[in-house]
Structure formats: structure tokens, C-alpha cells
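Participant:
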Amino acid sequence: MKLSVKEIQSLVDFKLPSISELTKFIGSQLGQVEGIIDLAAKFKDVLIVKVISVNQIDGSDHLNACLIDDGGVLESIERNKDGYISVVCGAPNVRSGMLTTYLPPESIVPVTFNQPQPFKLTAKTFFDIKSFGMLASEKELDLSDNHEGIIDLVGDYQIGQSFAKTFDLDDQIVEIENKMFTHRPDCFGQIGLAREVSAILGHQFTSPDWYKDVIKDDKSSNQNDSLEVINQAQDVVPGFKVSLIQNIEVAESPLWLKIKLTKFGIRPINNIVDITNYMMMLTGQPLHAYDYDKLRELSGDHGVKLIARRSVDKEKLTLLSGKEIELEKDFIVISTDKQAVGLAGVMGGFNSMIDENTKSIVLEAAVFDMYLIKKTSMTYGLFSDAVTRFTKGQSPFQLDHVLSQTVRLVQQLNSNSAKMPILSANIINEKLINPIVQVPYSYINQILGSNLNSEQIIKFLSNVEFEALDQSNTEVSFRAPYWRTDISIKQDIVEEVGRLYGFDQIEKINLVREQIPSQADFNFILNEQIRSFLSARGANEVLNYSFIPARVITNSMSELDHHYQIKNALSPDLQYYRSSLMVSMLDKIHPNIKLGYDRFALFEIGRVHSTYLGKNDKLGVPDYQRRLSFIYAVDDKLSKKIKGASFYFAKEYLTQLFDQLNLSSGIEFLTIDKIDNKLWADNAKSYSAQRSSAIFYNKKLIGLVGEFNKSVRQSFKLPNFLAGFEIDLSVVDPMNLRPKYQELSKYPSIIRDYCFAVSQSLAFNDVFSNLRDSIIKFTEPSIKINIDPIDIYLKENEKLKQITFRVKFTDFNQTLSDEIINNITDQFVEDLNKKIEAKIV
666 MKLSVKEIQS
676 LVDFKLPSIS
686 ELTKFIGSQL
696 GQVEGIIDLA
706 AKFKDVLIVK
716 VISVNQIDGS
726 DHLNACLIDD
736 GGVLESIERN
746 KDGYISVVCG
756 APNVRSGMLT
766 TYLPPESIVP
776 VTFNQPQPFK
786 LTAKTFFDIK
796 SFGMLASEKE
806 LDLSDNHEGI
816 IDLVGDYQIG
826 QSFAKTFDLD
836 DQIVEIENKM
846 FTHRPDCFGQ
856 IGLAREVSAI
866 LGHQFTSPDW
876 YKDVIKDDKS
886 SNQNDSLEVI
896 NQAQDVVPGF
906 KVSLIQNIEV
916 AESPLWLKIK
926 LTKFGIRPIN
936 NIVDITNYMM
946 MLTGQPLHAY
956 DYDKLRELSG
966 DHGVKLIARR
976 SVDKEKLTLL
986 SGKEIELEKD
996 FIVISTDKQA
1006 VGLAGVMGGF
1016 NSMIDENTKS
1026 IVLEAAVFDM
1036 YLIKKTSMTY
1046 GLFSDAVTRF
1056 TKGQSPFQLD
1066 HVLSQTVRLV
1076 QQLNSNSAKM
1086 PILSANIINE
1096 KLINPIVQVP
1106 YSYINQILGS
1116 NLNSEQIIKF
1126 LSNVEFEALD
1136 QSNTEVSFRA
1146 PYWRTDISIK
1156 QDIVEEVGRL
1166 YGFDQIEKIN
1176 LVREQIPSQA
1186 DFNFILNEQI
1196 RSFLSARGAN
1206 EVLNYSFIPA
1216 RVITNSMSEL
1226 DHHYQIKNAL
1236 SPDLQYYRSS
1246 LMVSMLDKIH
1256 PNIKLGYDRF
1266 ALFEIGRVHS
1276 TYLGKNDKLG
1286 VPDYQRRLSF
1296 IYAVDDKLSK
1306 KIKGASFYFA
1316 KEYLTQLFDQ
1326 LNLSSGIEFL
1336 TIDKIDNKLW
1346 ADNAKSYSAQ
1356 RSSAIFYNKK
1366 LIGLVGEFNK
1376 SVRQSFKLPN
1386 FLAGFEIDLS
1396 VVDPMNLRPK
1406 YQELSKYPSI
1416 IRDYCFAVSQ
1426 SLAFNDVFSN
1436 LRDSIIKFTE
1446 PSIKINIDPI
1456 DIYLKENEKL
1466 KQITFRVKFT
1476 DFNQTLSDEI
1486 INNITDQFVE
1496 DLNKKIEAKI
1506 V
């Protein structure tokens, strides 16, 4: 948005501060300043001069030797004996006695001012006649595209006077970022900006008389003998007003109007269009003018009808730009009773445009739904100054004011014109009038952290023409002016007071608050440790849906009865809550092998639900368990090259994980017939009875580990080399997750391998736990023991099996000797033999 300092000065009754101070206030209390355009520098050398004589130059068909009077203001320039300046001019309208604009030598031609290489004038000679500078056209001064002749100033102007000062071109344009005014349509006009500038500088602003009061009751008619206006889309067109003006002449705008538009970057077109654009820049309300006679030709036999309606699908319209568009349905168009003549709020139609033959015009002022205008603009790639304003939510109450003032300006430029009364297509609903907002003074100060009294608060808002009602010692009621569409609740009032007072003036106080350290999320830490541990060993995490199809449950040999069924399942594959993570994992093995992954490990951390777990009485929702599921799979082709059973691969991952989570000391592996928990017993149906174990921690069942039975492998199309585990994570003690540091011993370790022959009926875990207990029993506390299983050898038709362990002895106080290790070995071997009849081989 562009703010003209000169325009603002003309609307306030006090002197504005310097441009640097003004932009500082604007930037802190109104909107971000993006830049300043210094028009004074652009037009500083242009003077008003009088042409004294004009003589055609011999040998030229269009050049004239002219003498001009500058009032003697230029000191260092060559003159004739009468004090006049010689200028050669080729303009066809140059004549003696006229007032015009002059650019002396060494000045920059304004139209080139912002070019990379501005054009600087110098004294030149044409046909032996010296020319000092030039007489300028509107195009050369960058005021319009007219270059058919030099500017002809009509009026009482002082010779030698600065053209910029005379026509307010010694101005500075402040560019403010548009997004700051997303809900402030009033700030898209100079009157609204002047009001804001006045208030932030501490002054009362009074709107022009023609713009002041809201018209609550719209009693105007919607038709007369010449025109009928109809609103068929009141849900998206809350205001639609027009005025017919007859006997007008379309011509060039006067210079003052061209200059005002040029300052805002709008190119002049003709007096009618320029007035609508000028009023838009002044008030923020876009207007549009139609050629009345063209509307009559485009209407039916019952006179001219101007209608606001929804568009029809595939309806065609040629815009002012010449572009033809095919409309979709439900956009807003302005039309006659026969065809569309404009795309509402965006661009007028070519078939009703103003041209030099126009004798009567229909002026339209309307308000449209801001969201639909935005959609229209984006759909058809049409962006204009009108779109910028209509997408900010205009107030319908300003239509009468703006339209009436526009009619007055048109009549000033067309003295013989005749206007008809304003026609309105609807009666404005009084509910749209801004509500009265009641707010305590203490509330304002509490939110802002300020100490403002009632007089200050009322003055801040009165400066921007808010109406203060029902004042008391404790509170006040405000009604926002009709052009403010963003004030409806007391928080809006607080924000307005803070902005007008200046947020930077509010005392900065450090907040005093109790600092409570955030509690560590145990589940998050546990999940991260598990992920880090397993992924470092080549496993990949998967994330499956908590809902599963019935086939997965039956394939895993589990019972449907204890699974919660979803009443409104999104699909047949999402019918049941899963009671085990492993069933989801089993369903992912075959697709991965089919894709060419012949050896991989997967894991998932998630929740399971089951009727066996019951419901949470407080929340009334099914209870759940947090579990970890892991699976190790090798394709049948590759598994032939791998020694050992898949069970031990999965168990190795599990035992190392237990060690990582500090659970090893309480773990026991028992046969799955020891399970007395209904949920785990149902989960165990997927596992092989001979090659699986139930996992107990401190005598509590926490999971399963093992290979899967033949029926499950066939149902899921699984390879033979496959094993996994699933454990309940609730058994992990948060204290065990704290990192524990163990320094390295300064002394070398001793490693010994021991092979024991034990009964085939004896479980591996029994051998391992008894071995560990016996070694610890006969070893000094300073010696750390680490036991790893190496091999299990089982020969058919033999009563004994051989299990090999590797034991690492590390002392932190001394270097171990063979004598010490042999002594320990003799004792724990004898003890182990007594316990489980294990014989060392």
C-alpha cells in the first residue's frame, strides 16, 4: 500500500514530522515500511515557464525557435538581451503566451529517472540555433502516455515556480507491506491511512463530512424509468448500489487528477475511469463504470437491468483486457438480463466499457464476499487493485458515501451532466453494524501490562473515531466506526489500545514464574535405547497398523473371541485390534522375501489390546500392553549355508538386549507349557512346542521366544529358518535405563572354553544358570565373569548332549595366573557335577 505524505497532510490539521520520524512511527504502530519513493528528487528541476515567442526554423518542417521566460530564477544559464532563454521545440501545440513545463540543462528527464542510465539534458544546437533544455510533455514528465504535445497549463500560475511544489509532486510515497492490513480494508485508502497516522501521532482525526456517518436505513429504490438494479446473490453480495449519470463527455483528465493517480502508480485513462480510481485510492472502495447505452443494447425489451448473480457453467465473458474466459458456476458476475458484462470485484467486461463515444454512464459501488473474490482471482489468474481491496472485507456502509462523492466529482468535470438518484439492490441488515463492546479499564491494563487511566484509553480510541458509550469509573463501552470490520470482542479493543499507545512504550518486566524441570519420558527413552541397540545390529524397525484382518488372526492359530472388533472399520483389512505384535510381523515376511531380501531382522514397538487385559475403569477404554516384537528370517535357499538353528539367532539378540536393559540377572527360560496367562497362552499357539520358550523375569511371565509351528509357516508362506521373540516392556525398571559406567581393567583377561556333557532332557537355561552361579560362588568379587555359549552338540540315540561355553575372567586388582583360574575351575566343575551331573569333557 502506498501512502502519500502530501495527501495525508491535506487530510490532517497539524504539521507532520520529518519523513524519518514519520516512518519510524508507521513501522512500529501501523505496518512494516518497505521503502520510500522520493518524488521530490524526480521532479525537482521542472519549472513553470511562459512561452514568449515561437518562430519556425528555416529548413525544418516541425521545429520552432522559442523564447521562454523563467522569471529569472535560473542563474547560470545563457539568455538573450531581454533575459529570455532560447529553446528549440517540435511540439505541434507550442504557441506564444502559453504556460508550460521546462527542464533546464543538466536536469534528468523524469521518465528516465529510475532507469539504469537516466537521460541528462545538455545544451544543443539545431540549425545554428542554441537550445537550452526542453519543454516537456506529460509522457516526458512520466505523468501519462500522452506525448502529442507539451503540457498546456491553464490557470493562474507563477512563472518560475517549481512545478513539483505547485502540483504537490514534492512528495514522498511510503510503501507499506500489504499483509499488515489483511483485516483492515480502511487502510487501503488515504483517508484510512491519514486517520491512523493522526492517531499514532497523538491527534484527533475527523473524516471528511461526506464520509462520516453510517447510514443505518437504506430506503433507496432499486429502479427508475431508465434503470433497474437487482441482487440475486445477497449471500455473497451484501451491498450493491449504482447511479446513472447522463450527458457526460469522456475526455482526458485534468492535470491535477493525472498527477494524483501517477503518485500511486496508476496510469491515467480518461476522466471517468480516473475518477473511479482516484476514489478507490482515497477510500479503499473500488468502483466500476459501465456505458449505459451499451448496457441497453445488451438488455432485453423491458429496459436496462443490471444484475448481480452467480455465474453459469461454461458462460463466456470477454474482459476489459481483451481476454476471453469460460466461467465455472457459482462465481459472481454482473450482467444484464441477457448476458454477463463484468466479473464482479475483479474486472469489467469489454462489451460495456467506457470509450470516447460514451454519453451516459452507470457507476457501481458494491461489496462482495472476500473469499469468493480471492478464489475467482486465483482461478483465472487475474490480479488488480480492486482484487487487493475486495479480498480484505469492505464495509457495505460506505457505499452511499463513496458513490455520492464520486458522482459529485464526475459532475464537476462535466458541468452539463444530469444524475439520477442512487439505486440500491438491497436493504442493508442493521445486524451488520458493529456491536457495542464493553471492556473494564483494569482488563486492558492487565492484558497489556500497562497503567493507563480511563481518559487515556478513551482518547486513544476517540482519535480513530471510535464512539465511547456508557462510561463509568471502572469500564467503558465502545462502538467501532462503520469502516472498521474487525472489532467485535473486548480483546480487539485491547489490541487497538496497545497499538495506538505503542507496544514499545509498555514497561518491560521480566516474567516471574516457577521453573519446573520437565520430567523425562520413560517410554521415549526406553524406545530409543531399544531402537539404537537393535538397529546397530542390523535390524530394521517397522510400524504396522494396530488394526488387523481376521485372516491374520486365524493364520496365527489365535482365537477371534478375545480380540476387540471395530464396529465401523475403514476396510475389511482393519477389523480387529491385534492382541500380539508378532502376527503383524509374520504377515510382512513373505512380501519382503518376494522382493529379494533373503536375510533380514525386523522389530516393532507398539501396543496390543485384548479382552483378557480388561478395560480401564476410569477412562472406560480397553487396556493395553506395550510390547517389543522381533523376528529373524532367512530365505530357504540361503538358510542351507547357515549352521545352527534360527532359535539361537533370535535368542542371542534377546539375551544381549536383556543385558543392555540390565534384566539378565532375573531372566529364566522355561517350556511354554509353564504358561498360566490366557493372553500369552493364546499368543504361544503360533510357536513350535519343541523349539520355543516362555520368558520369565523374577518369576513373572513377560514373553515368548522361539521358532514357529508348521501350520503358521504354511499359512503365512514363511521360510523354515525363522524365529522371533515378543516381550512385555512394562517390566523394565526406569532406574535400569540410567547409563552405568564400568572402567576397563588395567590387567589382561584370561579366556577358557569349557565343554560339559549333560542329560538331553536338561534345558539349556538350567545348564547356563547353574554354571553362572557356581563360577560366581568360587570367584573373588574383584573378578568380573562373562559367559558366552559357543556350541551345542547332540548326537542321535545318545542320552547326553555336549554344551560348550566360553568364560572370560577379568580382575581389576591384579594379573590373573593359571594357578588362580585352575583353582576356580576345579571348584565350580565339582559343584556343577553335584548339581546337574554335568561332566567336563
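Here the sequence shown stands for residues 666 to 1506, where the numbers follow our numbering.
We treat Cβ as the ideally placed atom computed from N, Cα and C, and that holds for glycine.
As the structure is a prediction and not an experimental result, all values here were calculated from the model.
#1: Smallest Cα separation from R974: which of K994, T983 and S964?
#2: Would DSSP call R1327 helix, strand or coil?
#3: In terms of residue numbering, what span does the beta strand (DSSP E) encompassing D956 cover?
#4: May I ask you to report which of helix, strand or coil DSSP gives H812?
#5: Based on the DSSP secondary-structure assignment, which residues constitute the bridge partners of V1299?
#6: Go to L701, then tell me how far its beta strand (DSSP E) extends in each direction, as first and last residue.
#7: Is there contact here, the stretch 952-966 with the stretch 1006-1021, by at least three beta-carbon pairs under 8 angstroms?
#8: Look up Q1467 in the DSSP assignment and give the residues it is bridged to.
#9: Tell me the DSSP secondary structure of N1487 in three-state form.
#10: What do you get for R1243, buried or exposed, if any count of 16 or more other CB atoms within 10 angstroms of its CB means buried?
#11: Roughly how many whole angstroms lie between the Cα atoms of I733 and P682?
#12: Tell me N720's beta-bridge partners as DSSP assigns them.
#13: Out of L1319, E917 and S1153, state which residue places its alpha-carbon closest to the alpha-carbon of I1296.
#14: Would you kindly report the start and end of the unbroken beta strand (DSSP E) that includes N896?
#15: Which residue's Cα is closest to the Cα of Q1103: S1089, Q1063, I1158 and P1061?
#16: In this structure, how does DSSP classify G1367 when only helix, strand and coil are distinguished?
#17: Of the residues Q1156, P1100 and W1148, which one's Cα is nearest the Cα of Q1059?
#18: Per DSSP, what kind of secondary structure is L985 in: helix, strand or coil?
#19: Between D1483 and S1447, which are expected to be in contact by the criterion C-beta below 8 angstroms, what is the C-beta distance as a whole number of angstroms?
#20: Going by other Cβ atoms of all chains shown within 10 Å of its Cβ, with 16 needed for buried, is H1274 buried or exposed?
#21: How would you label S1107, buried or exposed, when you count the other beta carbons within 10 angstroms and need 16 or more for buried?
#22: With a cut-off of 8 angstroms, do at least 3 Cβ pairs link the stretch 705-724 to the stretch 735-755?
#23: Going by DSSP, which residues form a beta bridge with E1269?
#24: Determine, using beta carbons only, whether L1427 and I1340 come nearer to each other than 8 angstroms.
#25: Is E991 near K979, with beta carbons less than 8 angstroms apart?
#26: Look at the alpha carbon of D882 and the alpha carbon of G1114, and state the distance between them as a whole number of angstroms.
#27: Determine the closest residue to L739 out of K715, P769 and M763, with distance taken between C-alpha atoms.
#28: Taking the alpha helix (DSSP H) that V1102 belongs to, which residues open and close that run?
#29: Who are H1274's beta bridge partners in DSSP?
#30: Who are the Cβ neighbours of Q697 in its own chain at under 8 angstroms, not counting the five residues just before and after it?
#31: So, with DSSP's three-state summary, where would you put D882?
#32: Pick helix, strand or coil for K1308, following the three-state DSSP scheme.
#33: Compute the beta-carbon to beta-carbon distance between L1328 and L1191, rounded to the nearest angstrom, for a pair I have assumed lies under 8 angstroms.
#34: Apart from the five residues just before and just after F1493, which ones in its own chain have a Cβ nearer than 6 angstroms to its Cβ?
#35: Among P850, E1120, P1146 and G930, which residue has its Cα nearest to the Cα of Q662?
#36: What is the DSSP secondary structure of F1143, counted as helix, strand or coil?
Facilitator: Taking the geometry as given:
#1: Comparing Cα positions, the closest option is K994.
#2: At residue 1327 the sequence reads Asn, which differs from the Arg that was named. N1327 falls in the coil class under three-state DSSP.
#3: Where D956 is concerned, the enclosing beta strand (DSSP E) stretches over L952 to D956.
#4: H812 falls in the coil class under three-state DSSP.
#5: R1264 and F1386.
#6: Reading off the sequence, residue 701 comes out as Ile, not Leu. Residues V698 to D703.
#7: Short answer: they touch.
#8: Checking the DSSP bridge columns, you'll see Q1467 partnered with A1422 and Y1458.
#9: Of the three classes helix, strand and coil, the one that applies to N1487 here is helix, per DSSP.
#10: Buried.
#11: Going from the Cα of I733 to the Cα of P682 covers about 38 angstroms.
#12: DSSP output for N720 lists A730 as bridge partner(s).
#13: The shortest C-alpha separation from I1296 is found at L1319.
#14: First-last of the beta strand (DSSP E) with N896: L892 to N896.
#15: Minimum Cα-Cα distance from Q1103 among the listed residues S1089, Q1063, I1158 and P1061 corresponds to I1158.
#16: For the record, residue 1367 in the displayed sequence is Ile; it is not Gly. In the structure shown, I1367 sits in a strand (DSSP, three-state: E or B).
#17: Ranking the options by Cα distance to Q1059, first place goes to W1148.
#18: If DSSP states are grouped into helix, strand and coil, L985 belongs with coil.
#19: So it is not a contact: roughly 18 angstroms between Cβ atoms.
#20: Label assigned to H1274: buried.
#21: By the neighbour-count rule (16 or more Cβ atoms within 10 Å), S1107 is not buried but exposed.
#22: For the pair of segments examined, the stretch 705-724 was found to touch the stretch 735-755: the number of CB pairs separated by less than 8 angstroms reaches three.
#23: Partner(s): S1294.
#24: No.
#25: A contact, by the Cβ cut-off of 8 angstroms.
#26: Caution applies to D882, whose pLDDT of 48 falls short of 50 and renders its modelled position unreliable; the model cannot decide the point.
#27: Residue nearest to L739 within the set K715, P769 and M763 is P769 (criterion: CA-CA distance).
#28: Taken as a continuous stretch (DSSP letters only), V1102 belongs to no alpha helix (DSSP H), being part of the beta strand (DSSP E) at I1101 to P1105.
#29: Note: H1274 sits in a beta bridge opposite Y1289.
#30: Excluding residues within five positions, the ones whose Cβ falls inside 8 angstroms are I841, E842 and M845.
#31: Unreliable placement is indicated for D882, whose pLDDT of 48 sits below 50; the coordinate value is still reported in the next sentence. D882: coil per DSSP, three-state reduction.
#32: Here K1308 sits in coil by DSSP.
#33: Not a contact, Cβ separation roughly 12 angstroms.
#34: Closer than 6 angstroms at Cβ, skipping near neighbours: S1439, I1440 and F1443.
#35: Because residue 662 is not part of the residues shown, which for the chain are 666 to 1506, the question remains open.
#36: In the structure shown, F1143 falls within a strand segment according to DSSP collapsed to helix, strand and coil.
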